[in-house]
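Take the sequence shown: its position 490, counting from 1, is numbered 497 in our numbering, and each next residue is one higher. Think of the CB as a built atom: it goes at the ideal place given N, C-alpha and C, for glycine as much as any other residue. In this text, all values refer to a predicted model and were calculated from it rather than measured experimentally. Everything below concerns the one structure shown next.
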Amino acid sequence: MFLTISTTGNQERPATDLGFLLHKHPERAQTFSTSHGTAHVLYPEASAERCTAALLLEVDPVALVRRGKGKGRGGAPDSALAQYVNDRPYAASSLLAVALAKVFKTALHGVCQAMPERAAAPLPLRVEVPALPARGGADLVRALFGPLGWDTVDVEPVALDTDFPAWGDSRYVRLVLEGELRLADALNHLYVLLPVLDDAKHYWVAPDEVDKLLRAGDGWLAGHPERKLITARYLSRRWGLAREATERLELVRLAEAEGLDVDDVDNAVDESTDTEERPVPLAEQRREAILAALTTAEASRVLDLGCGQGQLVQALLKDVRFTEIVGVDVSVRALTVAARRLRLDRMGERQAARVKLLQGSLAYTDKRLTGYDAAVLSEVIEHLDLPRLPALEYAVFGSARPRTVLVTTPNVEYNVRWDTLPAGHVRHSDHRFEWTREEFRSWAASVAERYGYGVGFTPVGPDDPEVGPPTQMAVFTRTDETRTGDARTSKPAGETTGETTGVTRTDETTGATRTDETTGVTRTDETLKEVAA
């Protein structure tokens, strides 16, 4: 795909000043790598009288398909063979708009330290786009560019096939814009309106696209007669984002009409008198406490055991200190929801390399979970039947053995403070038990002693002087890695070992665990019976 920007000049104000404004020297071709191909900047002509800069983008169709399929996620706006056979390498679209912003970033912001006065002044410009997809036809192209100060908006429809005139015109046009505008304004017009006319984007439209739109549309978008269409198409018809953009643009329009700043218009709330703060949800306080404990422990590779729908994994991803995050849950449905929450299918390669979701039961040992800095069991243990808790203890503390283990669980004593919770009821219908502070501390101390950990306790939420905090957290820290015959190698009572088979077996009457050394997976007898059935 291709576009050119030309200007004219004379000996006193040479046209080659365009090279200064674009920060690209007219005497040499330059190449830039983009996420979907290679951008080239070259000057077909460069003299004092006339200078033309050309941006040529070579799209890599394989990279385009790998980064996403379908409209708005990396592919063409059509399906089927359009993954590989499409107009993306030839027609100006959001791919060219992104390349334009990357290659001419400084010029897009109107900055030129060498010639600030030239950057701030209008230039005689001519912009040509040979192949522009226009969903809406030539009339829409004129309606979009006409109000922006261009003297000429020349739109020439491209015939579907010149040998068969009866077939009519294609959806592509040849666009020529001429007029005296600031270079930064012309580039921002193209950056916004190229994907609008194509009515498709090659990447997922995130909330930060609203800021990009308002930044590029500063000074012209708020008063544009086609503002609603531009906003909807640029944001891929994500109506929540479009509504936010429209509201913010309306504030800009009102401020311009009154000659005021936007902050002076948007002053319905006096922050100095609004002192009432909304209470922070307990789940958010719990995540903050976990993040603080992981930071204190200097953990970078973290397991979220019983990750559920991925709320904690999402919070961990926002902190670059956590380089590897693994979410584990027995529920495939929960993992599917977590993947959707994290948008794994749209995540960038570098971010995606930090996170992994695994299906597995915490009642079994799992070699995939060994070697990590920390493991988190957030509101997990209370969902297990008490007879199955020893299997989880061994799987986490005896087999996986992370350096730090964080366990949070409800404090049943605090339940009397919940107005909506009937007396004698647990907080969730799936909770098999809820412990007092003394019961939790006794269990934690026993586990720590058995498996070679030290343990400390941290309140989560408001610490009531009578009944304690709503959530209690134990922080286990491994203290002994060299002791032989400790809990890492010992098994729960009731086991015997078959000397000829090398398989550890358990007396079925005890409900204890057994380990099959060929698979490295520990199962309870109850679970084995269920599988056999």
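When DSSP builds the beta bridges, which residues end up paired with residue i?
i, result
"H47", "T38 and L63"
"E331", "R308"
"N418", "W442"
"K363", "V333"
"R57", "T15"
"E163", "R181"
"D380", "For D380, which the question treats as bridged, DSSP gives no partner whatsoever."
"D471", "G475"
"R133", "S13 and E185"
Report the option in the options whose CA atom is closest to the CA atom of residue i.
i, options, result
"C119", "R189, V482 and A381", "R189"
"M8", "H43, G16 and D24", "H43"
"E420", "E441, R408, V162 and G334", "E441"
"F483", "V287, R375, L351 and R410", "R410"
"V136", "D311, A61, A166 and L155", "A61"
"T478", "D168, V412, D94 and L289", "L289"
"K374", "R408, D225 and E254", "R408"
"A98", "D192, L201, L151 and L49", "L201"
"Q37", "L25, L28, F27 and Y50", "Y50"
"G117", "R361, R181 and A223", "A223"
"S406", "V414, H390, A382 and E65", "A382"
"E456", "E445, V474, E400 and R424", "E400"
"A300", "V162, D206, L413 and T169", "L413"
"D471", "T486, W425, T59 and F152", "W425"
"V474", "R444, R20, Y458 and A166", "R444"
"V183", "T159, A166 and T169", "T159"
"R178", "D94, G334 and D225", "D94"
"L256", "L64, G226, V48 and R244", "G226"
"S101", "A359, F27 and L220", "L220"
"R133", "P33, L25 and T415", "L25"
"L194", "V217, E34, P129 and K235", "P129"
"L71", "G315, L376, T372 and R353", "R353"
"R348", "F447, G334 and E34", "G334"
"P469", "R293, A304, V344 and R340", "R293"
"R240", "A150, A360 and R142", "R142"
"L298", "V287, G315, L324 and P286", "L324"
"R485", "G230, T416, L396 and F404", "F404"
"W415", "L393, L396 and S385", "It should be pointed out that residue 415 corresponds to Thr in this sequence rather than to Trp. For T415, the nearest C-alpha among the options comes from S385."
With 16 as the cutoff for other CB atoms within 10 Å, does residue i come out buried or exposed?
i, result
"A22", "buried"
"H196", "buried"
"W174", "exposed"
"F329", "buried"
"G317", "buried"
"A127", "exposed"
"T11", "buried"
"S453", "exposed"
"A121", "exposed"
"G247", "exposed"
"T507", "For T507, the pLDDT reaches just 31, beneath the cut-off of 50, and the residue's location in the model is therefore unreliable, leaving the point undetermined."
"T14", "buried"
"L312", "buried"
"K31", "buried"
"S243", "buried"
Is the beta carbon of residue i sitting closer than 8 Å to the one on residue j?
i, j, result
"S436", "D380", "no"
"A402", "L369", "yes"
"Y210", "L107", "no"
"P232", "P154", "yes"
"N422", "R434", "yes"
"V148", "L204", "yes"
"W157", "E185", "yes"
"P164", "D176", "yes"
"G378", "V337", "no"
"E52", "N17", "no"
"A207", "A114", "no"
"H438", "E389", "yes"
"P476", "V467", "yes"
"E19", "T45", "no"
"A252", "V217", "yes"
"V105", "V48", "no"
Starting from residue i, trace the beta strand (DSSP E) both ways and give me its first and last residue.
i, result
"K109", "That residue, K109, is in no beta strand (DSSP E); its alpha helix (DSSP H) goes S101 to V110."
"D218", "Premise fails: D218 lies in the alpha helix (DSSP H), D215 to A223, not in any beta strand (DSSP E)."
"Y179", "D176 to L188"
"L323", "From DSSP, L323 is part of no beta strand (DSSP E) but of the alpha helix (DSSP H) over Q318 to L324."
"Y460", "Y460 to V467"
"R485", "T478 to R485"
Can you tell me where the alpha helix (DSSP H) holding residue i begins and where it ends?
i, result
"A207", "Element bounds for A207: n/a, residue is neither H nor E."
"F404", "It is not in any alpha helix (DSSP H) - F404 carries neither H nor E in the DSSP assignment."
"P397", "L396 to E400"
"F27", "D24 to L29"
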